[in-house]
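Right, one structure below, let's go through it.
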Amino acid sequence: MSRPDPDSYAVTAEFYDILQADRDAARVRDLYGRHIARARLGVLDIGAGTGRVTLMSLAESAVDVHAVEPARAMRTSLLTRLATLPARQRERVTVHPYALDEAALYAAADVAVCHNTVACLPPAARDALWPAIHAALAPGGTLLLEPPPALLPPRDVVRRLPEQRVGAHVYGGRMTMSAAGYRIRTRVDYWVRSGRHVLREHTESFWMWPASRTRIVDDLARHGFVPLPGHDDPRVLAVTRPAHGEAEYGAGRTRATVSQRV
2 MSRPDPDSYA
12 VTAEFYDILQ
22 ADRDAARVRD
32 LYGRHIARAR
42 LGVLDIGAGT
52 GRVTLMSLAE
62 SAVDVHAVEP
72 ARAMRTSLLT
82 RLATLPARQR
92 ERVTVHPYAL
102 DEAALYAAAD
112 VAVCHNTVAC
122 LPPAARDALW
132 PAIHAALAPG
142 GTLLLEPPPA
152 LLPPRDVVRR
162 LPEQRVGAHV
172 YGGRMTMSAA
182 GYRIRTRVDY
192 WVRSGRHVLR
202 EHTESFWMWP
212 ASRTRIVDDL
222 ARHGFVPLPG
232 HDDPRVLAVT
242 RPAHGEAEYG
252 AGRTRATVSQ
262 RV
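Using the numbering used here, the first residue of the sequence shown is number 2, and each one after it goes up by one.
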């Protein structure tokens with residue numbers, strides 16, 4: 002099975018928080034905050050990165066939080082941030098340094114969030130992820146998932162990251178997404194400047210595997226998930242593990258109906 006390199010993100014971990022984390026923190030609160038606030042058993046953060054969903058979960062809920070992050074560089078930033086929290090908050094979060102299917106979590110949470118993660122998992126890793134989430138969620142639990150890009154980009158997509166000043170230095174970056182066969186190559190160029198002088202430059206590349214929303218919905222349905230009633234935010238795919246006694250994905254439910262409701 003192909004898995005992300007545990008030593009990946011070594012470059013990005015240095016730059017992510019200063020260039021992207023504030024914007025991402027606002028986004029995760031908007032996307033997942035109201036669901037996490039209703040958690041009564043636990044929150045599962047799949048692909049925790051440097052901890053935006055994890056920290057928001059500690060602030061918005063009173064339950065235990067499980068942060069799953071196999072990449073050492075990102076996990077180091079996450080643990081450094083957790084170390085600054087009050088002991089009562091820190092005692093509620095467990096950091097799992099493996100992929101979820103190796104973490105042996107069973108009915109540990111009633112809300113699971115998979116933010117900015119699934120796109121970077123190859124198909125074999127996704128196939129291992131779905132049953133692991135099903136096991137980690139208690140019956141009746143909810144999975145909130147940011148779907149991958151549906152298609153390859155027809156041309157290069159370039160996004161400049163807003164520059165940030167830290168003392169006398171300015172940090173900046175540029176992200177370029179391009180089609181490469183059946184995958185998307187995302188290259189991120191980072192730099193540190195002092196005035197007009199470039200002190201450092203770094204580049205890191207990542208791969209993404211596009212998949213249509215219907216494809217992800219069908220994969221989840223095969224592993225026992227059904228649409229979350231009443232959820233209509235197109236930015237997030239929301240499903241639930243039915244509670245005991247509730248019908249699983251019914252034979253009479255059409256693919257079109259499921260895709261429309263999720």
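Just so it is clear, CB atoms sit at the ideal spot from N, CA and C, and this is done for glycine as well.
Taking 6 Å as the cut-off, is the beta-carbon of Arg161 closer than that to any non-hydrogen atom of the ligand ZN? The ligand content of the structure shown is nil, which means the ligand ZN is not present either.
Could you tell me how far apart the beta carbons of Val69 and Gly48 are, in whole angstroms, since I believe they sit closer than 8 Å? 7 Å
Determine the closest residue to Arg41 out of Thr187, Gly142, Arg186, with distance taken between C-alpha atoms. Gly142
Do the region 69-85 and the region 171-179 touch if we need at least three Cβ pairs shorter than 8 Å? no
Less than 7 Å between the beta carbons of Gly52 and Leu79, yes or no? yes
Nearest neighbour of Arg188, chosen from Gly231, Val158, Asp111, Ala104 [CA to CA]: Val158
So Arg186 and Trp208 are in contact, right, with Cβ under 8 Å, and what is the actual spacing, rounded? Between Arg186 and Trp208 a beta carbon distance of about 6 Å is seen, short of the 8 Å cut, so the two are scored as contacting.
When Gly225, Ala27, Ser9 are compared against Ala136, the one with the closest alpha-carbon: For the residues Gly225, Ala27, Ser9, the minimum Cα distance to Ala136 belongs to Gly225.
I want to know whether the region 123-137 touches the region 155-171 - three or more CB-CB distances under 8 Å. no
Considering only their Cβ atoms, is the gap separating Arg93 from Thr66 smaller than 7 Å? It should be noted that the sequence gives Val, not Thr, for residue 66. Yes; because the gap between Cβ atoms is below 7 Å, this pair is in contact.
Quick one: what does DSSP say Gly174 is sitting in, helix, strand or coil? strand
Helix, strand or coil, according to DSSP, for Phe207 in the structure here? Three-state result, Phe207: strand.
Endpoints, the alpha helix (DSSP H) within which Val29 is located: DSSP places Val29 inside the alpha helix (DSSP H), whose first and last residues are 23-38.
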